[in-house]
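In our numbering, the protein residues as written are 4 to 69. Working notes, structure below.
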Amino acid sequence: MALDIKLLDIIACPVCKGKLHYQPQSDKAAHELICRFDRLAYPLEEGIPVLLENRARHLPLEELKP
4 MALDIKLLDI IACPVCKGKL HYQPQSDKAA HELICRFDRL AYPLEEGIPV
54 LLENRARHLP LEELKP
């Protein structure tokens, strides 16, 4: 199940309340929503964003895409 892109207009990072960016990975199971300010990647499970800070992955600077 894919993420409904319209959700990106509604949801925000639970930490800073900033904009999230959809980042599909080559592995279909590894799609993520990215907060560039906090450098966090929130997972998607069956197309549903898991917006819990303890489930987010910390991103190294080189992994952030402009």
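Built from N, CA and C at the ideal position, the CB exists for glycine as well.
Give me the Cβ distance between residue 16 and residue 43, rounded to the nearest whole Å; I'm assuming they're in contact under 8 Å. Yes, they are in contact, since the Cβ atoms of residue 16 and residue 43 sit about 7 Å apart, within 8 Å.
Rounded to whole angstroms, what's the CA-CA distance from residue 62 to residue 38? Just pull it up for me. Each residue's alpha carbon lies about 9 Å from the other.
What is the DSSP secondary structure of residue 33, counted as helix, strand or coil? The answer is helix: DSSP assigns residue 33 an H, G or I state.
From residue 33 to residue 53, what distance separates their C-alpha atoms? Rounded to whole angstroms, the separation of the alpha carbons of residue 53 and residue 33 is 12 Å.
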